[in-house]
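Notes follow the structure.
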Amino acid sequence: MSVEGMSEADVANELMRLARAINRANKLYHVEDAPEIPDAEYDALVRRNAELEAAFPHLVRADSPTNAVGHEVSASPLSKVTHEVRMMSLDNAFSDEEVAEFVARVRRFLALPDDAEVVMTAEDKIDGLSCSLRYENGHLVRAATRGDGQVGEDVTANVAHIADIPQDLKGDGLFDIPAVFEIRGEVYMAKADFLALNAAQAEKDEKIFANPRNAAAGSLRQKDASVTASRPLRFLAHGWGAASEVPEPTQFAMMKRIERWGVPVSPLLVRCGGTTEMLAHYRAIQQVRADLPYDIDGVVYKVDRLDWQQRLGFVAKAPRWGMAHKFPAERAETTLEAIDIQVGRTGKLTPVGRLKPVLVGGVTVTNVTLHNRDEIGRLGVRVGDRVVLQRAGDVIPQVVENLTRDEPREAYHFPDHCPECGSEAVAEEGEVDVRCTGGLICPAQRTERLRHFVSRAALDIEGLGEKTIAEFFALGWLESPADIYRLRQRRDDIVGREGWKDKSVDNLLIAIEAKRRPDAARLLFGLGIRHVGAVTARDLMKRFVTLPKLREVVERAHAPFAPAQPAAEAPDALSPEVLEARAELLSIDGVGPVVVEALGDFFHEPHNVAVWDDLLSEVSPPDYVVETKDSAVAGKTVVFTGKFETMSRDEAKAQAEALGARAAGSVSAKTDLIVAGPGAGSKLKKAAELGIEVIDEAAWADIVRNAG
Numbered sequence: 006m007s008v009e010g011m012s013e014a015d016v017a018n019e020l021m022r023l024a025r026a027i028n029r030a031n032k033l034y035h036v037e038d039a040p041e042i043p044d045a046e047y048d049a050l051v052r053r054n055a056e057l058e059a060a061f062p063h064l065v066r067a068d069s070p071t072n073a074v075g076h077e078v079s080a081s082p083l084s085k086v087t088h089e090v091r092m093m094s095l096d097n098a099f100s101d102e103e104v105a106e107f108v109a110r111v112r113r114f115l116a117l118p119d120d121a122e123v124v125m126t127a128e129d130k131i132d133g134l135s136c137s138l139r140y141e142n143g144h145l146v147r148a149a150t151r152g153d154g155q156v157g158e159d160v161t162a163n164v165a166h167i168a169d170i171p172q173d174l175k176g177d178g179l180f181d182i183p184a185v186f187e188i189r190g191e192v193y194m195a196k197a198d199f200l201a202l203n204a205a206q207a208e209k210d211e212k213i214f215a216n217p218r219n220a221a222a223g224s225l226r227q228k229d230a231s232v233t234a235s236r237p238l239r240f241l242a243h244g245w246g247a248a249s250e251v252p253e254p255t256q257f258a259m260m261k262r263i264e265r266w267g268v269p270v271s272p273l274l275v276r277c278g279g280t281t282e283m284l285a286h287y288r289a290i291q292q293v294r295a296d297l298p299y300d301i302d303g304v305v306y307k308v309d310r311l312d313w314q315q316r317l318g319f320v321a322k323a324p325r326w327g328m329a330h331k332f333p334a335e336r337a338e339t340t341l342e343a344i345d346i347q348v349g350r351t352g353k354l355t356p357v358g359r360l361k362p363v364l365v366g367g368v369t370v371t372n373v374t375l376h377n378r379d380e381i382g383r384l385g386v387r388v389g390d391r392v393v394l395q396r397a398g399d400v401i402p403q404v405v406e407n408l409t410r411d412e413p414r415e416a417y418h419f420p421d422h423c424p425e426c427g428s429e430a431v432a433e434e435g436e437v438d439v440r441c442t443g444g445l446i447c448p449a450q451r452t453e454r455l456r457h458f459v460s461r462a463a464l465d466i467e468g469l470g471e472k473t474i475a476e477f478f479a480l481g482w483l484e485s486p487a488d489i490y491r492l493r494q495r496r497d498d499i500v501g502r503e504g505w506k507d508k509s510v511d512n513l514l515i516a517i518e519a520k521r522r523p524d525a526a527r528l529l530f531g532l533g534i535r536h537v538g539a540v541t542a543r544d545l546m547k548r549f550v551t552l553p554k555l556r557e558v559v560e561r562a563h564a565p566f567a568p569a570q571p572a573a574e575a576p577d578a579l580s581p582e583v584l585e586a587r588a589e590l591l592s593i594d595g596v597g598p599v600v601v602e603a604l605g606d607f608f609h610e611p612h613n614v615a616v617w618d619d620l621l622s623e624v625s626p627p628d629y630v631v632e633t634k635d636s637a638v639a640g641k642t643v644v645f646t647g648k649f650e651t652m653s654r655d656e657a658k659a660q661a662e663a664l665g666a667r668a669a670g671s672v673s674a675k676t677d678l679i680v681a682g683p684g685a686g687s688k689l690k691k692a693a694e695l696g697i698e699v700i701d702e703a704a705w706a707d708i709v710r711n712a713g
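Each residue of the sequence shown is one higher than the one before, starting from 6 at the first, in this note's numbering.
Next up, the structure:
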């Protein structure tokens, strides 16, 4: 979607989704060594995030991936190491124009004439695991992974088994090696060694690695250094960190000195006299990429003069003096033999193309995601078409072109009903994804919805974790929320299963029985109705008090209308009763047309109504009444942001409601007060722009304490 015309709410929501997706990808890549999305898709997410943040700087999140390097170190047996000099990442370029702009940006920052020569180094960008080697008086004293850039993992014992990493640097003069010098580079595994390792792993029926980068990362980050010793790891230096002295004036000369000290550097490292030479070297490396002994994914440029690097400095997570020029994805042609529809955990219908097997970048590809209905329309793909695939990294590629779209062939018709449960499948206004409306009755969504139903923010049923739900679902004991309350009838069956004893089963059943009279707002939230979050559920129940009353108003408000003439555009086509019901819903603070439509869709689907009725035959939620106290914030909208020391975010919101206030999730002109903890980020900036009062956690505690 184009940034132009987007509302702030849409941007804030997309930034939230992007932050979660990028941070998840970072964790899988840097911590778990198990990436699940292509490099190109990751780069696209990062670029979209940067585009939105540039257009709406006041909406930049505290957890924005723009400010992150790598990912925080996970709980692991390896001890943590704080880097004396932060290990930064590089900004990316994807076109010649972006490279030219990078050079121009350096000139502008340094106030150089347009014709001034800016010498750069250029070298291949190895796809490995970043590592920093600290030498003191020429002797290796510590090696650490990058981690989140500030804190990494101590792998000193492990790198002792990497032949490329010397324990002692080779000096060629009395003062040649500084007292402290951290050499930084990439630990990697050569392609041939990777294939041999996987063959050996297969022979022993052990883990097969997805790609050389994963194999290198998994081999280095071992508690048992003997495992690392058994793996063929290599190292190439590309820079340095903390140093008591940097004895050369340029990047190129310093890298050559590191090479003389006995640490390998890339044989493709060169100096370039400007953009033309930089791009020529990029294309030369691209040509020999497939023949290199290791995987690379681009070329890195760095300003050669170190005094200029110092003046240029850093922005957020990257230096101004460096840039990674990424390679485009590799391409191949094949035939689209079928289109299948997969239903995800949230009900999203994803079309998957079944391909005539084709080799792309050394990997045989048979499946490709077609993303959504709009993407199929954009490409005009049909079964039998010849398509062009592109692949970046060691993952399934994407279709970028349809070579036979002009041939006469019946268009592909995207399903309007879920292939798993037969429920209606619809796309909400303004969204491209088509989703199954079956919710809790859809097999593809059921276990995820059940986990949500018993989660802490919903019914909070202790003992019904992910593993137990999956086990009981597989046995046919749990298919809907109401089945949870019928588990008491299966007590003897549960006791007979592995891992279950009389006491553990009784504890589970007691926890379930304790929720026979659940909080109505929590139950409504637990049903997982799209766009009905915890706050919205509470707002709805404050107005309607009982769940049957809520349903009655929603059903009155959800009158059918022609898709070509939405009710919002033709109010005269609706009866006074429908208009009155909609007005009642829309009068609730925080409830808009999207929520109203989502509620209507839920009750319009007979399967959902059956689940609702079945559940309410097992539970009896009391009337929802919020007891409030007289307070300084009664009737006001409060936003909590940042981290708190004495309370959780949920507890804070509950306190606000008990004081007669509304706890909102985002800052707007309707916000009256912001309670900010450390790391509040962009919400404080927006509060300042809107003139909203901001207090800290201690001041909020005083308000709670002094309430009548």
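All C-beta atoms in this analysis are idealised placements derived from N, C-alpha and C, irrespective of residue type, glycine included.
Distance between lysine 322 and leucine 695, taken at the CA atoms: about 29 Å. Apart from sequence neighbours up to five positions away, the residues of its chain that approach valine 614 with a beta-carbon distance below 7 Å are Phe608, ordered along the chain. Taken atom to atom, the span from the alpha-carbon of glutamate 585 to that of leucine 579 is near 10 Å. Along the segment 116-189, the alpha helix (DSSP H) occurs as fully enclosed runs of 4 or more residues at 161-164, listed in sequence order. Around the beta carbon of asparagine 512, fewer than 16 other beta carbons lie within 10 angstroms, which makes this residue exposed. Taking a cut-off of 8 Å on C-beta distances, the segment 208-218 touches the segment 181-195, as three or more cross pairs fall below it. In this structure, glutamate 471 sits away from alanine 516, with a CB-CB distance that is not shorter than 8 Å. Rounded to whole angstroms, the gap between the alpha carbons of aspartate 465 and histidine 457 is 9 Å.
Selection Val348, Pro324, Gly682, Phe549 evaluated against phenylalanine 114 yields Pro324 as nearest (Cα-Cα).
The bridge partners DSSP lists for lysine 331 are Gly303.
By the C-beta criterion, the segment 367-379 is judged not to be in contact with the segment 134-152, since fewer than 3 inter-stretch pairs fall below 8 Å.
Cα atoms of proline 448 and leucine 620: separation of roughly 18 Å, rounded to the nearest angstrom.
Per the C-alpha coordinates, the member of Lys520, Phe530, Phe477, Lys130 positioned closest to tryptophan 505 is Phe477. Apart from the 5 residues on each side of it in sequence, alanine 462 sits with its Cβ closer than 6 Å to the Cβ of Ala539 in its chain, given in chain order.
Boundaries of the beta strand (DSSP E) harbouring glycine 246: 239-248, taken from the DSSP string. Membership of isoleucine 489 in the alpha helix (DSSP H) is indicated by the continuous run 486-489. Collapsing the DSSP output to three states places alanine 59 in a helix. For the pair of segments examined, the segment 484-492 was found not to touch the segment 645-652: the number of CB pairs separated by less than 8 Å stays below three. DSSP places tyrosine 287 in the helix class (H, G or I) of the three-state scheme.
Excluding sequence positions up to five before and after threonine 452, its CB lies within less than 7 Å of the CB of Ile474, Ala475, Phe478, all in the same chain and listed in chain order.
Proximity of the segment 620-630 to the segment 667-687 falls short of the contact definition, fewer than three beta-carbon pairs being nearer than 8 Å. Here asparagine 97 is bridged, per DSSP, to Ala329.
The C-beta of arginine 265 has fewer than 16 other C-beta atoms within 10 Å across all chains shown, which makes the residue exposed.
A buried status is given to valine 164, since no fewer than 16 other beta-carbon atoms sit within 10 Å of its beta-carbon.
Judged by beta-carbon spacing, threonine 374 lies within the 8 Å limit of threonine 355, meaning their Cβ atoms are closer than that value.
Within the same chain, Leu375, Val392, Val404, Glu406, Asn407, Arg410 come within 8 Å of leucine 384 by CB-CB distance, once the 5 residues on both sides are set aside. Taking a contact to require three or more Cβ pairs closer than 8 Å, the segment 292-307 and the segment 121-133 qualify as touching. Straight-line measurement puts the Cα of proline 424 at about 7 Å from the Cα of isoleucine 346.
For tyrosine 306, the closest C-alpha among the options Asn97, Leu604, Lys634 is that of Asn97.
The alpha-carbon of threonine 161 is positioned some 25 Å away from that of glutamine 206.
By the CB criterion at 8 Å, serine 69 and glutamate 58 fall inside the cutoff.
Secondary-structure assignment with DSSP links glycine 358 through a beta bridge to Ile344, Val373. A straight-line Cα-Cα distance of about 31 Å links aspartate 15 and valine 616. Looking at the DSSP output, proline 324 shares a beta bridge with Phe319. Across the structure, histidine 88 and phenylalanine 186 are spaced so that their CA atoms are roughly 13 Å apart. The beta carbon of aspartate 594 sits closer than 8 Å to those of Asp544, Thr642, Arg667, Lys675, all from its chain and outside the five residues before and after it, given in chain order.
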